[in-house]
Amino acid sequence: MKYRTIGTDPKTGREVSVLSLGTMHFGTATDEATSFAILDRYAQAGGTFIDTSGNYAFWVGTQGGESEELLGRWRRSRGVGDEIAVATKVGARPLAPGTSFTDNAEGLSARVIRESAERSRDRLGMSRLDLLYAHIEDPAVPLGETVEAFAALVAEGTVGLLGVSNHWAWRVERARGLAAAAGLPGYEVLQYQHSYLRPRTDLPGSRSPDGMPNMVSGDVLSYLRAEPQLTMVAYSPLLKGGYVNQDRLDGAEFAEFDHPGTPARLAALREVAKDAGATVNQVVLAWLIGAEVPMIPLVGASSVAQLDESLAAVDLELTAEQRTRLDAAG
Ligand SMILES: NC(=O)c1ccc[n+]([C@@H]2O[C@H](COP(=O)([O-])OP(=O)(O)OC[C@H]3O[C@@H](n4cnc5c(N)ncnc54)[C@H](OP(=O)(O)O)[C@@H]3O)[C@@H](O)[C@H]2O)c1
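All residue numbers for the sequence shown refer to my numbering, where the first residue is 367 and numbers rise by one.
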């Protein structure tokens with residue numbers, strides 16, 4: 367395993383593995399025994415950065431909590447302590463079972479942030495959450511209220527680092543500006559959807575009529591380049607299996623890849639994978655980890671074999687020529 371530091375303050379910053387493990391389906395679609403086996407394998411391989419959310423997996427018809435509860439049981443049964451960082455999220459829990467974050471989200475008021483963080487700590491069995499993200503934007507709450515509420519949890523020691531997910535870049539910068547001006551800790555870790563295929567981020571969707579705030583766009587990339595102390599965690603880097611399952615990639619869920627650049631990018635990926643003696647998924651992960659603006663891929667897995675394939679990507683070093691070929695395509 368390889369490691370990098372997230373956060374800048376020595377009191378809250380820490381080292382984590384360059385590959386993060388997502389647990390979105392653990393305790394629901396992925397049963398407990400399989401989830402535990404995947405978590406055990408990840409820890410055994412030196413993985414130290416696990417991702418969950420207070421609202422996983424609300425889409426089964428609940429308000430979520432299943433993933434955090436499973437992680438709590440795993441942590442207790444294995445005696446896991448500070449050596450493994452757990453990141454969780456607040457803001458996108460539906461207020462009633464059977465609803466969603468798009469129509470009925472808890473949001474980012476001071477009260478919700480406090481209550482949801484407390485619920486997450488209980489479920490996970492952690493006195494301090496290593497990293498707490500604002501999961502989605504809440505335009506109805508003044509940004510200053512959200513910023514102060516997150517900072518209060520850091521001051522109390524119940525949260526380590528702060529992060530932000532799926533926000534327009536200008537909203538992230540504005541929140542960080544407010545925090546800095548008030549001498550408060552701000553967001554240091556960003557979590558967005560990102561992979562090798564270029565998405566059409568201009569397509570309106572359920573999150574915004576203006577495009578896709580959840581994707582790494584040019585705005586987000588240039589922000590990271592200018593602020594190298596920020597960390598980008600890239601979720602769904604394997605396109606939920608889309609690189610190895612064309613039907614999945616062709617599905618409505620991935621409409622943003624339905625454009626003329628995609629076939630060229632896929633062809634380059636397959637060529638480089640062949641050259642490197644690696645799988646397509648591994649090339650994508652290595653490309654992200656070793657990029658000029660390096661990212662921490664946040665992978666999912668529904669079997670130990672899938673995780674093993676992703677873990678092996680940590681040791682795959684792409685040559686400069688392979689990287690140029692990948693970057694130039696599409
Ligand atoms: N911040 C956010 O809003 C947000 C949104 C989404 C996700 N996330 C986080 O990101 C994590 C990962 O998301 P994700 O599951 O979409 O990531 P992903 O890594 O793109 O997809 C993982 C899925 O890809 C398939 N897969 C993985 N390895 C494979 C292989 N070798 N061969 C074939 N298929 C393979 C599996 O699907 P099958 O199970 O179908 O085989 C697996 O469940 C989540 O658990 C969550 O923590 C965050």
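Every residue gets a Cβ at the ideal spot worked out from N, C-alpha and C, and that includes glycine.
Opening and closing residue of the beta strand (DSSP E) in which residue i lies
{"i": "A600", "result": "597-601"}
{"i": "P663", "result": "661-665"}
{"i": "L587", "result": "L587 -> not in any beta strand (DSSP E); alpha helix (DSSP H) instead, spanning 584-592."}
{"i": "D496", "result": "495-500"}
{"i": "V670", "result": "Element bounds for V670: not the beta strand (DSSP E) but the alpha helix (DSSP H), 670-678."}
{"i": "G457", "result": "Unbroken run through G457: none, as it is neither H nor E."}
{"i": "I372", "result": "369-372"}
{"i": "F415", "result": "415-417"}
Proximity winner among the options, relative to residue i (alpha-carbon distances)
{"i": "Y422", "options": "G526, T378, I662, K455", "result": "K455"}
{"i": "M661", "options": "P603, W536, G447", "result": "P603"}
{"i": "I502", "options": "E472, R489, V525", "result": "E472"}
{"i": "S531", "options": "V680, V599, V446", "result": "V599"}
{"i": "E481", "options": "V665, G457, E398, D624", "result": "G457"}
{"i": "P626", "options": "E619, P565, A409, T418", "result": "P565"}
{"i": "L654", "options": "P579, A521, L587, R407", "result": "L587"}
{"i": "L605", "options": "T465, L664, E658, E593", "result": "L664"}
{"i": "V507", "options": "E522, I450, V478", "result": "V478"}
{"i": "L497", "options": "P505, A515, E554, R542", "result": "E554"}
{"i": "D375", "options": "D417, L527, A518, D641", "result": "L527"}
{"i": "Q559", "options": "N580, V649, F424", "result": "N580"}
{"i": "Q672", "options": "L556, A657, S401, E683", "result": "S401"}
{"i": "L682", "options": "T378, K377, L385, G379", "result": "L385"}
{"i": "L569", "options": "P551, F620, G607", "result": "F620"}
{"i": "A630", "options": "N611, Y562, G571", "result": "Y562"}
{"i": "M367", "options": "A518, R485, A678, V582", "result": "A678"}
{"i": "D693", "options": "V680, V670, V650, S676", "result": "V650"}
{"i": "E484", "options": "V520, D469, E449", "result": "V520"}
Element boundaries [alpha helix (DSSP H), containing residue i]
{"i": "Q688", "result": "686-694"}
{"i": "F623", "result": "Neither: F623 is in no alpha helix (DSSP H) and is coded neither H nor E."}
{"i": "E434", "result": "432-444"}
{"i": "L405", "result": "398-410"}
{"i": "G510", "result": "509-522"}
{"i": "S482", "result": "476-490"}
Cβ-Cβ separation, residue j to residue i (assumed contact under 8 Å), whole Å
{"i": "A667", "j": "I404", "result": "5 Å"}
{"i": "A634", "j": "R691", "result": "6 Å"}
{"i": "L387", "j": "G413", "result": "6 Å"}
{"i": "R487", "j": "L495", "result": "6 Å"}
{"i": "R540", "j": "L509", "result": "6 Å"}
{"i": "V452", "j": "M492", "result": "7 Å"}
Segments assigned beta strand (DSSP E), at least 3 residues, entirely inside the stretch 534-592: 555-559
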